[in-house]
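Residue numbers (my numbering): 9 to 114.
Glycine residues also receive a C-beta, built at the ideal position from the N, C-alpha and C atoms.
Data block below; observations after.
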């Protein structure tokens with residue numbers, strides 16, 4: 009079990025559809041408790057330390073602790089050629105990508 013300390017920013021709603029101060033919480037001294045690769049708890053650091061004294065503490069000071077970012081975007085015209093045989097980038101673009109995208113030209 010690990011307790012990662014630093015600044016935390018939590019969202020309880022969609023900041024694009026509600027005032028930002030109503031759907032976010034910023035802890036200048038926050039924590040994220042992780043056990044077996046899963047987030048168990050988040051919140052202010054001191055209560056987490058008291059509640060989980062057995063946790064290994066990793067303190068990042070004033071650094072912002074955030075979830076991993078995953079780039080899940082796709083280029084729709086390229087969906088039919090995903091995982092095509094790899095070449096040098098320009099060869100791959102000329103052979104697969106550009107012809108596939110040209111099929112979508114108006």
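Cβ pair residue i, residue j closer than 8 Å
i	j	result
residue 63	residue 10	yes
residue 38	residue 51	yes
residue 76	residue 14	no
residue 86	residue 105	yes
In DSSP terms, what residue i is bridged to
i	result
residue 52	38
Residue i in three-state terms, based on DSSP
i	result
residue 32	strand
residue 88	helix
residue 58	helix
Alpha carbon of residue i to alpha carbon of residue j, nearest angstrom
i	j	result
residue 12	residue 73	8 Å
residue 31	residue 25	9 Å
residue 84	residue 109	9 Å
residue 91	residue 111	19 Å
residue 41	residue 49	5 Å
residue 58	residue 18	21 Å
residue 36	residue 29	15 Å
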